[in-house]
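Enquirer:
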Ligand SMILES: Nc1ncnc2c1ncn2[C@@H]1O[C@H](COP(=O)(O)OP(=O)(O)OP(=O)(O)O)[C@@H](O)[C@H]1O
Ligand SMILES: [Mg+2]
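Have a look at this one:
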């Protein structure tokens with residue numbers, strides 16, 4: 001863990017009269033796995049949309065891997081090494097798992113097969129890319145699914161393939177929007193173990209949105225950032241968050257998902 005890979009300073013995003021993100025500041029270091037939680041509509045995805053360049057912030061500053069990315073386009077931010085996934089997984093259902101991984105990296109927008117296939121994407125040889133894809137599948141423990149159609153996968157398996165697609169761009173920083181939503185408990189835990197391994201093995205920084213506070217408190221994450229009504233309510237280690245009754249009660253008030261320990 002060393003340099004700040006992502007630094008957000010006083011980020012605000014308004015939609016007309018609605019302040020969806022309200023002057024939030026935080027940072028994530030290289031190799032860190034940080035959870036971002038909070039109730040529905042508190043601004044988590046909007047924060048990701050600003051960081052990845054899909055939305056222009058109303059004010060504030062975003063630094064990605066040491067560069068000022070506040071006014072960059074999504075493709076420029078991706079070239080810095082930041083990749084994201086979306087809350088709703090999107091895969092090419094008529095294609096196999098490995099084929100989905102081999103489509104050149106998207107530029108943070110929803111994937112469009114025509115543009116994606118026209119784009120050179122990578123200077124690597126096809127053989128090298130296929131090898132990379134198998135390495136990603138190994139890492140995610142799904143090499144046996146390489147030739148399954150993605151339409152045959154469970155929701156959890158689809159989430160893994162989506163993370164695999166993000167990894168194919170060899171990111172230095174990953175934003176994952178609810179990577180285990182709707183995924184059964186044991187698989188969700190394994191996905192988090194794999195993410196943890198990735199942060200350590202590849203020194204990737206990760207910011208991961210999760211809906212269930214009880215679930216994230218039990219995972220091996222470095223820190224948790226709690227958002228509420230567009231603001232950062234608190235950030236700390238899982239232990240610190242667990243012990244902060246105010247945060248827990250604020251969260252309880254809006255979602256009721258947490259069990260106090
Ligand atoms: N493009 C948009 N235009 C107008 N309002 C928006 C837009 N995107 C988000 N909002 C509003 O901004 C607020 C924050 O939404 P956001 O999607 O960031 O929440 P979230 O924390 O990701 O919620 P969830 O847990 O349901 O995914 C909500 O009130 C939402 O309706
Ligand atoms: Mg969201």
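Residue numbers (the numbering used here): 1 to 261.
Using N, Cα and C, we set each Cβ at its ideal position, and we do this for glycine too.
For residue 233 and residue 71, I'd like the C-alpha separation in whole angstroms.
Expert: Distance between the alpha carbons of residue 233 and residue 71: 26 angstroms.
Enquirer: Inspect the CB distances between the segment 211-220 and the segment 19-30 and report whether three or more fall short of 8 angstroms.
Expert: The segment 211-220 is not in contact with the segment 19-30.
Enquirer: Under 8 angstroms by Cβ, that's how I've got residue 84 and residue 175 pegged, so tell me the actual separation to the nearest angstrom.
Expert: The pair is a contact, with the Cβ atoms about 4 angstroms apart (cut-off 8 angstroms).
Enquirer: Is residue 45 close to ligand 2? I mean its beta-carbon at under 6 angstroms from any heavy atom of the ligand.
Expert: Indeed, a heavy atom of ligand 2 lies less than 6 angstroms from the Cβ.
Enquirer: From residue 24 to residue 8, what does the alpha carbon distance come to, in whole angstroms?
Expert: Roughly 7 angstroms separates the two Cα atoms.
Enquirer: Might you give, ordered along the chain, the residues of its own chain that have their beta carbon closer than 8 angstroms to the beta carbon of residue 171, omitting 5 neighbours on each side?
Expert: The residues are 81, 82, 83 and 204.
Enquirer: Ligand 2 heavy atoms versus the CB of residue 243: any closer than 6 angstroms?
Expert: Result no, Cβ not under 6 angstroms from ligand 2.
Enquirer: I need the straight-line Cα distance from residue 241 to residue 38, nearest angstrom please.
Expert: Near 12 angstroms, if we compare the C-alpha coordinates of residue 38 and residue 241.
Enquirer: List the whole-angstrom C-beta distance separating residue 52 from residue 77, where the pair is believed to meet the contact cut-off of C-beta under 8 angstroms.
Expert: Sure, about 6 angstroms apart at Cβ, within 8 angstroms.
Enquirer: What would DSSP say about residue 63, mapped onto helix, strand or coil?
Expert: Of the three classes helix, strand and coil, the one that applies to residue 63 here is strand, per DSSP.
Enquirer: Run through the DSSP bridge pairs and tell me what residue 231 is partnered with.
Expert: Looking at the DSSP assignment, residue 231 forms a beta bridge with 228.
Enquirer: Using DSSP bridges, identify the partner residues of residue 14.
Expert: According to DSSP, residue 14 bridges with 19.
Enquirer: Could you compute how far the alpha carbon of residue 118 sits from the alpha carbon of residue 103?
Expert: The predicted position of residue 118 is uncertain, since its pLDDT is 49 and thus under 50; a value taken from the coordinates is nonetheless stated next. Each residue's Cα considered, the two are about 10 angstroms apart.
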